[in-house]
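Numbering (this note's numbering), first residue to last: 31 to 486.
See the structure below:
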């Protein structure tokens, strides 16, 4: 049994003072007491908050970050031109580089305040588009990277078979992703057999309505175990919305609400472009919306209707997606700031009784993320895993802040290093801002980048 004490902690009912956490040998919070003496216990150095679950990651894209900023001659850069750059880049990434890049992304996640991740894993084949001898080769590399970083993993093997609505055949650039139902079933069975041994949660991810047929979507969902998470991209781009409507006379979220039986195990990633009716329907479904506001801004996707969705009772979480920015504080800041730009007022996503907007956004995103990753995390309460973040009182933006205001300062202030320590599953993986494996992981990452660049 590990016992630690904090002068302040964000519990489900709000900020509490003089908190003692009892953490079992299984890494689960056994008991939490407030307003108690902490003599003789390990006293953490700052306020404690629940670690953020990262509900949407494409970890391999970390190596592409900062490399797509050159204008095209026609100045028509978009998500679609970025996607082509990503395909070209992937042609130079072998399995060893894939693992090295993923481990670097996961260490950065841990240092930024994530302690669990849902990996939307859609790269399955080798750089030539051929299956590996073990169809789960790259999935095992993801598992290894999560173990090195110490993150709780939700593994979401992606079924990707089409290039567009109506069953359009996949392109040459998509061959690293492609499965048939038979080969995907074999992959899923391999991963199901390894889940208990490696300690990950297994779900499924039909990539998007443009990448699967309705029949394939149903088969993939039925393949998953009862209650397992189901994640899907939807309505990220207006072009996608238009093409979906031309195919089905329904918009993507509308199609899913009508045909897919959305419920609490679903995570609809992006959902950027919705009508009022879709907003209300998605909020009522119990599904989570998976937002990646920094990626959505970077790719020029548009602005999610956050105010309307939350007003309708919708649930959400955040993720790092393309890992251009790996920082849950930045995701929440971009989410709120995008709504301010649209509404031309401040504090848009708060509501009466919430307390400060930063505290409310962090708590809601952590709860929603926990639902999406299907792990017992997202809040500091008995029975949940001991995934927690100790905020950094030495950061000038946080110094002298009352606990009630400290998340506002961390999210909306000039904070550069809000995270001091991170615990995942009862084990410290980040201490004083440093990850225990960061030097080794960064060395492998730099070597992988050198190999990738040598193949240009």
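Where is the CB? At the ideal position from N, CA and C, for every residue including glycine.
In this text the structure is predicted, and so the values were computed from the model without any measurement.
For residue i, the three-state DSSP class (helix, strand or coil)
i	result
residue 345	strand
residue 182	strand
residue 74	coil
residue 194	strand
residue 153	coil
residue 79	strand
residue 438	helix
residue 310	helix
residue 231	strand
residue 106	coil
residue 328	helix
residue 162	coil
residue 429	coil
residue 407	coil
First and last residue of the uninterrupted alpha helix (DSSP H) at residue i
i	result
residue 246	244 to 253
residue 476	468 to 484
residue 138	125 to 142
residue 227	211 to 228
residue 506	The question about residue 506 has no answer here: the residues shown for the chain are numbered 31 through 486.
residue 116	109 to 120
residue 268	268 to 278
residue 283	282 to 289
residue 66	No alpha helix (DSSP H) contains residue 66, which DSSP labels as neither H nor E.
residue 359	358 to 373
residue 391	387 to 403
Those residues which DSSP pairs with residue i across a bridge
i	result
residue 17	Outside the modelled stretch of the chain, which goes from 31 to 486, sits residue 17, for which no answer is possible.
residue 236	189
residue 297	261, 318
residue 494	What is shown of the chain runs 31 to 486, which leaves residue 494 out entirely.
residue 199	192
residue 415	58
residue 351	87
Inter-residue CB distance, residue i and residue j (contact presumed, cutoff 8 Å)
i	j	result
residue 438	residue 388	4 Å
residue 336	residue 369	5 Å
residue 35	residue 71	4 Å
residue 441	residue 363	5 Å
residue 206	residue 482	Between residue 482 and residue 206 the Cβ distance is about 14 Å, and since that is not below 8 Å, they are no contact.
residue 445	residue 417	Going by Cβ atoms, the distance from residue 445 to residue 417 rounds to 21 Å, so no, they are not a contact pair.
residue 263	residue 300	6 Å
residue 62	residue 40	In fact, because the Cβ distance is near 12 Å, the residues do not count as touching under 8 Å.
Segment limits, beta strand (DSSP E) that includes residue i
i	result
residue 453	449 to 454
residue 52	44 to 53
residue 459	457 to 461
residue 320	318 to 321
residue 420	418 to 421
residue 61	59 to 63
Whether or not the stretch 306 to 325 and the stretch 340 to 354 are in contact is what I'm after, with contact meaning three or more pairs of Cβ atoms, one per stretch, closer than 8 Å; do they touch? yes
Say whether the stretch 435 to 452 touches the stretch 50 to 61, bearing in mind that this needs 3 or more beta-carbon pairs closer than 8 Å, one atom from each stretch. no
Does the stretch 107 to 122 come within contact of the stretch 169 to 182, defined as at least 3 CB pairs closer than 8 Å? no
Under 8 Å, with one C-beta from each stretch per pair, do the stretch 58 to 69 and the stretch 87 to 94 reach the 3-pair mark? no
Given 8 Å as the limit, is there contact between the stretch 207 to 215 and the stretch 180 to 198, that is, 3 or more CB pairs closer than that? yes
Three or more beta-carbon pairs under 8 Å between the stretch 236 to 244 and the stretch 220 to 227, yes or no? no
Using 8 Å as the threshold, is the stretch 408 to 417 in touch with the stretch 377 to 384, meaning 3 or more CB pairs across them? no
Quick check: the stretch 65 to 84 against the stretch 300 to 310, are there 3 or more CB pairs under 8 Å? no
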